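Student: Below is the structure I would like to discuss, written out as structure tokens.
In this note's numbering, the protein residues as written are -16 to 346.
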């Protein structure tokens, strides 16, 4: 209930600060906006007045895959795929209507084989929105990577099992992602990834997306180990890359439902991204502008009943930072398991007023 109280306070403050425009109750436009917000009740259910509590376990991993295009490398010695494994995070997610927040309670070290080193991580998410559009905001920080391609250039790897480690390699990523669903009257995107909606019959939708991101990859020495550094020429001393990106994506999403309970969902979007990059070479900075590609793929499976829901999901965000001589693919990978229950909850009077605002009805 603390989460519900926090949401209530935030909405109350929002109502005072934004007392005009989108946050003002507009009875004249209420009917018109209500018509737009209607949905096919035979396709999915909404839960406006349920407090939804879910227990989750998740892994949030990160990878930076470098490769060079200047020299032939049939053995793949020059490819470096730096991977960071996070700890298993367990906690609770609280949802009420169109707002959700998660709280991690404990972490368990991953069961890794020796030789991968340690990874320090910090991740947080805040999402809001409904079935017309949805906004996802995340911050991810990883420090300490190992190269999964070590065996290609280290002859002792098969014997020792010790990966090349970059304990001082750090990656900070902020991303704000906007998703708009054209078939929101029949398709409920969130039914496959949390308990706020329940898809009753199979449906699909085109998806329009937009991203704003800031990615900072840095180290105290070169990104590349000595044995592969020569392949990168002038790029061999690279030890930092900052990227500000703005992208527009398009794709599709679908949910297949069996017996109004069991489901499988998937979504894929991809599109061009304008990137402003700053390369660092041991103290020397080079700003450049590129047009590249970014995208999102996610899938889930589980069952979703009137009260109980159980799901497993996987989400991969990727951005491509290629140049003429050096390629880099940056991936954020999240695996999640969740089990939850929908509780009856009395809706506060002020929240009913908030539901009549143009802002709320447009979500």
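The beta-carbon is built from N, C-alpha and C at its ideal position, and this holds for glycine as well.
Computed from a predicted model, the values in this text were never measured in an experiment.
#1: Assuming residue 212 is part of the alpha helix (DSSP H), what are its boundary residues?
#2: Among the residues of its own chain, which have a CB less than 7 Å from the CB of residue 31, if the five just before and after it don't count?
#3: Report the start-end ranges of each beta strand (DSSP E) in the stretch 17 to 55 that is 3 residues or longer and not cut off at the edges.
#4: Would you mind working out which of 103, 290, 299, 171 sits nearest residue 279, comparing C-alpha positions?
#5: In the DSSP assignment, the beta strand (DSSP E) including residue 136 goes from what residue to what residue?
#6: Starting from the N-terminal side, write out each stretch of the alpha helix (DSSP H) that is 4 residues or longer and does not extend beyond the stretch 240 to 298.
#7: Taking just the CA atoms, how far does residue 243 sit from residue 288?
#8: Who are the Cβ neighbours of residue 324 in its own chain at under 7 Å, not counting the five residues just before and after it?
#9: Going by DSSP, which residues form a beta bridge with residue 349?
#10: Can you tell me the Cα-Cα spacing of residue 337 and residue 117, whole angstroms?
#11: For residue 55, which residues from the same chain have a beta carbon less than 7 Å from its beta carbon, with the 5 sequence-adjacent residues on both sides left out?
#12: So who's on the other strand from residue 300, going by DSSP bridges?
#13: Relative to the alpha-carbon of residue 312, which residue among 275, 332, 318, 283 has its alpha-carbon at the smallest distance?
#14: Within 10 Å of its beta-carbon, does residue 203 have 16 or more other beta-carbons around it, so buried, or fewer, so exposed?
#15: In terms of DSSP beta bridges, what is residue 68 paired with?
#16: Is the CB-CB distance between residue 262 and residue 270 below 9 Å?
#17: Distance, Cα to Cα, residue 53 vs residue 135?
#18: So, are the CB atoms of residue 223 and residue 252 less than 9 Å apart?
#19: According to DSSP, is residue 337 helix, strand or coil?
#20: Spatial neighbours of residue 205 within its chain, please: CB distance less than 7 Å, with the 5 preceding and 5 following residues excluded, ordered by chain position.
#21: Could you compute how far the alpha carbon of residue 102 sits from the alpha carbon of residue 147?
#22: When you compare the CB positions of residue 26 and residue 235, do they come within less than 9 Å of one another, or not?
#23: Starting from residue 172, trace the alpha helix (DSSP H) in both directions and tell me its first and last residue.
#24: What does DSSP give as the partner residues of residue 63 in its beta bridges?
#25: Residue 197 bridges to which residues according to DSSP?
#26: Taking DSSP as the reference, what is the three-state secondary structure of residue 82?
#27: Would you check if the stretch 109 to 125 and the stretch 154 to 167 touch, i.e. whether three or more CB-CB distances between them fall below 8 Å?
#28: So residue 301 packs on residue 293, CB below 8 Å; how close in whole Å?
#29: Sort 241, 273, 100 by Cα distance to residue 303 and report the nearest one.
#30: Express the C-alpha separation of residue 128 and residue 349 in angstroms, rounding to a whole number.
#31: Okay, do the stretch 53 to 73 and the stretch 326 to 333 touch, 3+ Cβ pairs below 8 Å being the bar?
#32: Excluding the five sequence neighbours on either side, which residues of its own chain have a C-beta within less than 7 Å of the C-beta of residue 327, listed in chain order?
#33: Which whole-angstrom value is the C-beta distance of residue 173 and residue 28, which I expect to be below 8 Å?
Tutor: With the structure as the only source:
#1: Membership of residue 212 in the alpha helix (DSSP H) is indicated by the continuous run 209 to 212.
#2: 80
#3: 27 to 29, 33 to 51
#4: Nearest of 103, 290, 299, 171 to residue 279, Cα basis: 299.
#5: It is not in any beta strand (DSSP E) - residue 136 carries neither H nor E in the DSSP assignment.
#6: The alpha helix (DSSP H) runs lying completely inside the stretch 240 to 298 and spanning 4 residues or more number zero.
#7: 8 Å
#8: Counting only Cβ-Cβ distances below 7 Å, and skipping sequence neighbours, we find 36, 290, 291.
#9: With the chain covering only -16 through 346, there is no way to say anything about residue 349.
#10: 18 Å
#11: Once the five neighbours on either side are set aside, residue 55 has no close Cβ partner at all.
#12: 279, 315
#13: 275
#14: exposed
#15: DSSP lists no partner for residue 68.
#16: With respect to the 9 Å criterion, residue 262 and residue 270 are classified as neighbours on the basis of their beta carbons.
#17: For the pair residue 53 and residue 135, the Cα-to-Cα distance works out to about 18 Å.
#18: no
#19: helix
#20: 212, 219, 220, 221, 222
#21: 14 Å
#22: no
#23: Segment: none, residue 172 is in no alpha helix (DSSP H) and carries neither H nor E.
#24: 49
#25: Residue pairing by DSSP places residue 197 opposite 157, 227 in a beta bridge.
#26: strand
#27: yes
#28: So it is not a contact: roughly 28 Å between Cβ atoms.
#29: 273
#30: Shown here, the chain extends from -16 to 346; a query on residue 349 therefore has no answer.
#31: no
#32: 33
#33: Actually they are not in contact, since the Cβ atoms of residue 173 and residue 28 sit about 12 Å apart, beyond 8 Å.
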